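Residue numbering for the sequence shown follows numbering that gives the first Met the number 0, beginning at 0 and increasing consecutively.
From the three backbone atoms N, C-alpha and C, an ideal C-beta is built for every residue, glycine too.
The structure displayed is predicted, hence computed values, not measured ones.
First the structure, in the form of structure tokens, and then the observations on it.
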Amino acid sequence: MLLAVPDSASNRETFGKSGSQRSPEGYPKARLVAVAECSSHAVLDAVIGGWKDSERIVSDELERHVGASTLLLADRGFWGLAHWHRLRERGAHLLWRTERRMARRVEDVLADGSYLTRIQANKHSKAAGTVKAPPVPVRVVEYRIDGQAEGIRLITSRMDHEKYPAAELAELYA
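Here's what the structure looks like:
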């Protein structure tokens with residue numbers, strides 16, 4: 000989340016202000032990324048960066064709180080192929096919202112309406128020669144919230160549709 004902080008020279012330098020140099024907007028903004036338990040809402044750890052800092056990059060410091068059998072829910076800003084691999088290597092299970100343009104190639108449709116696909120490094124990573132992470136198999140769960148035009152697309156490492164039905168994953172994420 001973005002938090003407005005007091006408008007001081009130190010905060011402007013540390014966190015930055017949105018807008019342009021000629022027309023900065025309001026107060027400096029700090030980006031807060033946290034790992035929290037869903038049931039207790041206890042915050043296990045948090046990292047604060049500037050408003051321009053990527054959620055994904057800021058969140059890398061929080062990986063130490065994610066271990067074997069943890070189910071990590073994350074919003075759209077956290078996707079990264081190398082990040083996914085690192086968390087899976089720690090034994091974490093992942094249920095992440097992703098952008099509509101991702102995970103569109105259907106390899107196999109499952110009985111609960113979810114489907115299997117592979118996500119690989121994008122063409123920009125390949126062109127820049129920065130590809131380090133191999134493709135990752137994921138299961139895709141799509142659903143709509145009544146009254147909202149845009150659907151929700153989740154990707155998960157929980158591949159078994161009988162053990163982890165799509166409707167239950169969607170409800171858990173919501």
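Boundaries (first-last residue) of the beta strand (DSSP E) holding residue i
i: V137; result: 135-142
i: R11; result: Careful: R11 lies outside any beta strand (DSSP E), inside the alpha helix (DSSP H) at 8-14.
i: R117; result: 114-118
i: A148; result: Element bounds for A148: n/a, residue is neither H nor E.
With 16 other Cβ atoms within 10 Å as the buried cut-off, status of residue i
i: F77; result: buried
i: G187; result: What the structure shows of the chain is the stretch from 0 to 173, and residue 187 is not part of that stretch, so it cannot be assessed.
i: H160; result: buried
i: L153; result: buried
i: V42; result: exposed
i: L1; result: exposed
i: A126; result: For A126, the pLDDT reaches just 44, beneath the cut-off of 50, and the residue's location in the model is therefore unreliable, leaving the point undetermined.
i: H40; result: exposed
i: A45; result: exposed
Residue j beta carbon less than 8 Å from that of residue i
i: A35; j: I47; result: no
i: L72; j: L86; result: no
i: A165; j: D111; result: yes
i: D74; j: R100; result: no
i: Y172; j: L80; result: no
i: A169; j: V140; result: yes
i: R143; j: M158; result: no
i: A3; j: G25; result: yes
i: G66; j: F14; result: no
Integer Cβ distance of residue i from residue j, believed to fall under 8 Å
i: S156; j: H92; result: 5 Å
i: V32; j: S68; result: That pair is no contact at about 22 Å.
i: V105; j: I118; result: Not quite, the Cβ-Cβ distance comes to about 13 Å (not below 8 Å), so this is no contact.
i: H64; j: A132; result: Not quite, the Cβ-Cβ distance comes to about 22 Å (not below 8 Å), so this is no contact.
Cutoff 8 Å: residue i Cβ touching any chain C Cβ
i: Q147; result: Chain labels in this structure do not include chain C; a single protein chain is all it has.
Continuous alpha helix (DSSP H) stretch holding residue i: start and end
i: L171; result: 165-172
i: R55; result: 54-58
Query raised in the report: Which runs of the beta strand (DSSP E) spanning at least 3 residues fall entirely within the region 75-104, listed in chain order?
Result: 92-97
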